[in-house]
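Engineer: In the working numbering, the protein residues as written are 809 to 1293. Let me give you the structure first, and then I'll get to my questions.
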Ligand SMILES: *Cc1c(COP(=O)(O)O)cnc(C)c1O
């Protein structure tokens, strides 16, 4: 399979190179030139490993299938349930539990696998450089990437997160990370600043002299992050078929709590690969730039930025939307123009025709903070479900969506990751996060994930805080170090 840049369809590369590079050299994102159409009938009854193997080997068709199978075993063996991503119910809708991995957020589904994919890509392309992973995080990617890459040979990872812009637990998860190849930095700025910094570093001309080191990305701009997320859209659908809840071919809609537009884009790719999907519902918090875009066709990042109880969605520049623009239009020149508008003027507008096309497949709703609090309480009291604030945003969007089709809500984080905020919604505020975890467990009977309950005892290992303007210098220092040893 071939990949091209969203900003230049003549810039072709292989899957291996796309995974290693992360971002295309012209600043665009890599997209496949075609997608396989799957015979979905033949996938019913496969367990998660076999389903992932079938789907991912059709996408990474030049990778060794046995190696991929071993990698999937290693990655998904780290989850706390054999099903990997169990499907349950919330009222008369379905809840896809994506938070059973080692860091209790959905990012684990891709980031437990990415280091293995990268290793395979390396072998495939004969690359012998050291890999330096740069990651911007709004809270969850950071820890999942650190866990995935810590102590991986020939690899170093730096994570930038917004100083005071992540939850207490997210902070502790990252700051306590062990491993001799990890660096965690709080940058004074928001997620968009961190993401911009990382993107700038990839295309920084003076960094090219560090030619023994290859920069790469663990963000959803990397196709190695994106493709593994396609699998659970299929797995939840096939589960419903297997349980006799729907007939094969029945269309369903997915509700996705959205930040960088990576997760929902994976759903769009699943649809293009043959999954019967009516709508992909983009749920946003108070940062409603995507809701407005899906309504009007105007993407306007010049707006107030809110810190909310769903920090992983506190984003104004949703990178993967660029991929949707490319797929929906097939016009890389137009995409490049829009992205130039965005970086110069902070906004762009798409044509009426393109908007109509996108609206035929997507819906967008925004759910404000006070509503989120009410929804967490409502889900607990009416449906007996404990959900985290990100999932609550999606739950609220699902309630606004009125089509009469089966609805699957993607639950992206364990409620224990945001324990005190969740407990405050259903009862009162506890003294701290750990007490809130205990109280939540007592109230709900839902077990506390071990990776979270053990955080309290773990020493803080990373405390560096920088101004965002000093980010490039910090990266260059590490590049120098890695070039010498
Ligand atoms: C990352 C994240 C999201 C947003 O996913 P995107 O792929 O960035 O749209 C939503 N919820 C949680 C808990 C997350 O960690």
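Backbone N, C-alpha and C define an ideal beta-carbon position, used for all residues, glycine too.
Helix, strand or coil for residue 943? Go by DSSP, reduced to three states.
Structural biologist: Residue 943: strand per DSSP, three-state reduction.
Engineer: Contact check, residue 1302 vs residue 1009 under 8 Å by CB: the rounded distance?
Structural biologist: With the chain represented from 809 up to 1293, any question about residue 1302 goes unanswered, as that position is not in the structure.
Engineer: Does the beta carbon of residue 1220 fall short of 7 Å from some heavy atom of ligand 1?
Structural biologist: Under cutoff, so the answer is yes.
Engineer: Taking 8 Å as the cut-off, does the stretch 957–968 touch the stretch 1029–1036 (at least 3 CB pairs, one atom from each stretch)?
Structural biologist: Touching, no.
Engineer: Which of helix, strand or coil does DSSP assign to residue 822?
Structural biologist: Three-state DSSP puts residue 822 in a strand.
Engineer: Run through DSSP, which three-state label would residue 817 get?
Structural biologist: In the structure shown, residue 817 sits in a strand (DSSP, three-state: E or B).
Engineer: Relative to ligand 1, is the shortest distance from any of its heavy atoms to the C-beta of residue 948 smaller than 7 Å?
Structural biologist: True, at least one ligand heavy atom lies under 7 Å from that Cβ.
Engineer: Rounding to the nearest angstrom, what Cα-Cα distance links residue 1092 and residue 1073 in this structure?
Structural biologist: Those two C-alpha atoms are separated by around 14 Å.
Engineer: Please report the distance separating the alpha-carbon of residue 992 from that of residue 928.
Structural biologist: Rounded to the nearest angstrom, the two C-alpha atoms are 26 Å apart.
Engineer: Among residues of its own chain, excluding the 5 on either side of residue 1167, which ones have a beta-carbon nearer than 8 Å to its beta-carbon?
Structural biologist: Correct list, in chain order: 1102.
Engineer: Below 6 Å CB to CB, which residues in the same chain sit around residue 786 once its five sequence neighbours on both sides are set aside?
Structural biologist: Outside the shown range of the chain, which is 809 to 1293, sits residue 786, and nothing can be said about it.
Engineer: Cα separation between residue 1114 and residue 1096?
Structural biologist: Each residue's Cα considered, the two are about 10 Å apart.
Engineer: Quick check for students: name the residue ranges of the alpha helix (DSSP H) that lie wholly in the stretch 924–988, counting only runs of 4 or more.
Structural biologist: Segments of the alpha helix (DSSP H) lying fully in the stretch 924–988: 948–957, 976–983.
Engineer: Answer yes or no: the CB of residue 1059 versus the heavy atoms of ligand 1, is any distance below 7 Å?
Structural biologist: Result no, Cβ not under 7 Å from ligand 1.
Engineer: Could you check the C-alpha separation between residue 1263 and residue 897 for me, to the nearest Å?
Structural biologist: So the two alpha carbons sit approximately 30 Å from each other.
Engineer: Output yes or no for whether 8 Å exceeds the beta carbon distance between residue 1038 and residue 1078.
Structural biologist: Contact: yes.
Engineer: Quick one: is the Cβ of residue 943 within less than 7 Å of any heavy atom of ligand 1?
Structural biologist: Result no, Cβ not under 7 Å from ligand 1.
Engineer: Assuming residue 1270 contacts residue 1171 (C-beta within less than 8 Å), just tell me the rounded distance between them.
Structural biologist: Not a contact, Cβ separation roughly 40 Å.
Engineer: Using CA coordinates, which residue listed in 1209, 1243, 1215, 1217 is at the minimum distance from residue 1224?
Structural biologist: Measuring from the Cα of residue 1224, the nearest candidate turns out to be 1243.
Engineer: Measuring straight from C-alpha to C-alpha, what distance separates residue 1112 and residue 968?
Structural biologist: If you take the alpha carbons of residue 1112 and residue 968, they lie about 22 Å apart.
Engineer: Please report the Cβ distance between residue 1075 and residue 1041, rounded to the nearest whole angstrom; I am assuming they are in contact, meaning their Cβ atoms lie under 8 Å.
Structural biologist: At roughly 5 Å, the Cβ-Cβ gap stays under 8 Å, so residue 1075 and residue 1041 are in contact.
Engineer: Give the single residue among 1100, 1119, 1046 whose Cα lies nearest to the Cα of residue 1110.
Structural biologist: Comparing Cα positions, the closest option is 1100.
Engineer: Return the residue from the list 1017, 986, 892 that minimises the CA-CA distance to residue 1287.
Structural biologist: When only C-alpha atoms are compared, the closest one is 1017.
Engineer: With a threshold of 6 Å on Cβ separation, who are the neighbours of residue 810 within its own chain once the five nearest residues in sequence on each side are excluded?
Structural biologist: Excluding residues within five positions, the ones whose Cβ falls inside 6 Å are 820, 841.
Engineer: What do you reckon, is the C-beta of residue 1175 under 7 Å from a heavy atom of ligand 1?
Structural biologist: No, Cβ of residue 1175 sits at least 7 Å from all heavy atoms of ligand 1.
Engineer: Using a Cβ-Cβ cut-off of 8 Å, state whether residue 905 counts as contacting chain D.
Structural biologist: No chain D is present in this structure, which holds just one protein chain.
Engineer: With a threshold of 8 Å on Cβ separation, who are the neighbours of residue 985 within its own chain once the five nearest residues in sequence on each side are excluded?
Structural biologist: Within the same chain, residue 985 has close Cβ partners 951, 954, 955, 958, 992, 1269, 1270.
Engineer: DSSP three-state call for residue 1230: helix, strand or coil?
Structural biologist: Three-state DSSP puts residue 1230 in a helix.
Engineer: Between the beta-carbon of residue 1194 and the beta-carbon of residue 1140, is there less than 8 Å?
Structural biologist: In this structure, residue 1140 does not lie closer than 8 Å to residue 1194 by Cβ.
Engineer: Using a Cβ-based criterion (distance less than 7 Å to any ligand heavy atom), does residue 840 qualify as near ligand 1?
Structural biologist: Not under cutoff, so the answer is no.
Engineer: So, under 8 Å CB-CB, residue 1290 and residue 938 are touching, yes? Tell me the CB distance rounded to an integer number of Å.
Structural biologist: At roughly 5 Å, the Cβ-Cβ gap stays under 8 Å, so residue 1290 and residue 938 are in contact.
Engineer: With contact counted as at least three CB pairs below 8 Å, one residue from each stretch, are the stretch 1047–1058 and the stretch 823–838 in contact?
Structural biologist: Flag = no, the stretch 1047–1058 and the stretch 823–838 do not touch.
Engineer: Going by DSSP, which residues form a beta bridge with residue 1214?
Structural biologist: Its beta-bridge partners do not exist; DSSP assigns none.
Engineer: In angstroms, rounded to a whole number, what distance separates the CA positions of residue 995 and residue 1275?
Structural biologist: Going from the Cα of residue 995 to the Cα of residue 1275 covers about 6 Å.
Engineer: Where do the N-terminal and C-terminal ends of the beta strand (DSSP E) with residue 1155 fall, by residue?
Structural biologist: Note, residue 1155: beta strand (DSSP E), 1155–1157.
Engineer: So, helix, strand or coil for residue 1110, using DSSP?
Structural biologist: Correct three-state label for residue 1110: coil.
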